[in-house]
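Asks: Here you go, one structure.
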Amino acid sequence: MNQHQEDAEIFDIPTSKRNSELTGRALSSTIFAIIYNFGWGLLFLLFRHYNDQSCDSINAWSLYAEIFLFMMAGYKLIIELPIQYKTNGFWKEKLFDVVDYIELFFNIIILIGLTYAYLQHEECIHLRMFILSYLIVTYFIIFIWILTMIYLICNKDEQSRSS
């Protein structure tokens, strides 16, 4: 019986170590998302506040982006971070998957709106340049994400063929 318990403990160590590694990665990813969303939201706030020209389209879409970024940072800080830190379970992953899809949907809407507003060629130079930098960074991140997904799909297909 004692040997059986020792074997069970030995086999539980990698699992618990792996779970703690996954939790650590998820926590660091959430903290990065909080900082990223809050930072961009703050920059949108500053650039919109110091914009002295009237630009209806670009100002409206930058306001929507600012609100969305602050809401996502707040959600991740107030709801997602404590849930990740305190709980385990299948429902947690389902909740985060649903929220990730909702976040992706609104990100796409904001990106389309900001791209449309940028292409309107309104006269607010500083706000347009800031939005251009946001669009470049965001489209670059999307490009890297797409490449990563393609790599993971190809790698998964290769592993299934070799099995």
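Residues in the sequence shown are numbered consecutively from 45, following my numbering.
Where a beta carbon is used, it is the ideal one built from N, C-alpha and C, also for glycine.
Do you know whose CA, among Leu179, Ala117, Ser64 and Thr67, lies nearest isoleucine 102's CA?
Replies: Stepping through the sequence shown from its first residue, residue 102 is reached at position 58. It is Leu179 whose Cα lies nearest to the Cα of isoleucine 102.
Asks: Using CA coordinates, which residue listed in Phe91, Ala117 and Tyr80 is at the minimum distance from tryptophan 105?
Replies: Taking the sequence shown and counting its residues from 1, the one referred to as residue 105 is at position 61. That would be Phe91, whose Cα lies nearest to the Cα of tryptophan 105.
Asks: State the start and end residues of the unbroken alpha helix (DSSP H) segment that holds serine 177.
Replies: Residue numbering aside, residue 177 sits at position 133 when the sequence shown is read from its first letter. Per DSSP, serine 177 belongs to the alpha helix (DSSP H) from 169-206.
Asks: Apart from the five residues just before and just after alanine 77, which ones in its own chain have a Cβ nearer than 6 Å to its Cβ?
Replies: Within the sequence shown, numbered from 1, the residue matching residue 77 stands at position 33. Closer than 6 Å at the Cβ level, and outside the excluded window around alanine 77, lie Lys120.
Asks: Could you say which of Cys198, Trp135, Leu87 and Asn151 lies nearest to isoleucine 186 if we only look at CA atoms?
Replies: Residue numbering aside, residue 186 sits at position 142 when the sequence shown is read from its first letter. Ranking Cys198, Trp135, Leu87 and Asn151 by Cα distance to isoleucine 186 puts Asn151 first.
Asks: Find out if the Cβ-Cβ distance for the pair alanine 117, leucine 158 is shorter than 8 Å.
Replies: Position 73 of the sequence shown holds residue 117. Position 114 of the sequence shown holds residue 158. No, Cβ-Cβ distance for alanine 117 and leucine 158 is not below 8 Å.
Asks: Count the other CB atoms within 10 Å of the CB of cysteine 168; is the residue buried (16 or more) or exposed (fewer)?
Replies: Position 124 of the sequence shown, counting from 1, holds the residue named residue 168. Buried, since its Cβ has 16 or more Cβ neighbours within 10 Å.
Asks: Do glutamate 124 and phenylalanine 140 come within 8 Å of each other at the CB atom, strictly closer than that value?
Replies: Counting from one through the sequence shown, the residue named residue 140 turns up at place 96. Counting from one through the sequence shown, the residue named residue 124 turns up at place 80. Yes; because the gap between Cβ atoms is below 8 Å, this pair is in contact.
Asks: So, is leucine 176 buried or exposed, given that buried needs 16 or more other C-beta atoms within 10 angstroms?
Replies: In the sequence shown, counting from the first residue as 1, residue 176 sits at position 132. Answer is exposed; the Cβ neighbour count stays below 16.
Asks: Roughly how many angstroms lie between the CA atoms of histidine 170 and glutamine 97, to the nearest whole one?
Replies: As a working mapping, residue 170 is identified with position 126 in the sequence shown. As a working mapping, residue 97 is identified with position 53 in the sequence shown. Looking at the two C-alpha atoms, the distance is approximately 10 Å.
Asks: Kindly indicate the opening and closing residues of the alpha helix (DSSP H) around asparagine 95.
Replies: For the purposes of this step, residue 95 is identified with residue 51 of the sequence shown, where counting begins at 1. Taken as a continuous stretch (DSSP letters only), asparagine 95 belongs to no alpha helix (DSSP H), as it is neither H nor E.
Asks: To the nearest angstrom, how far is it from the Cα of serine 72 to the Cα of tyrosine 94?
Replies: Locating residue 72 in the sequence shown gives position 28, where the first residue counts as 1. Locating residue 94 in the sequence shown gives position 50, where the first residue counts as 1. Those two C-alpha atoms are separated by around 33 Å.
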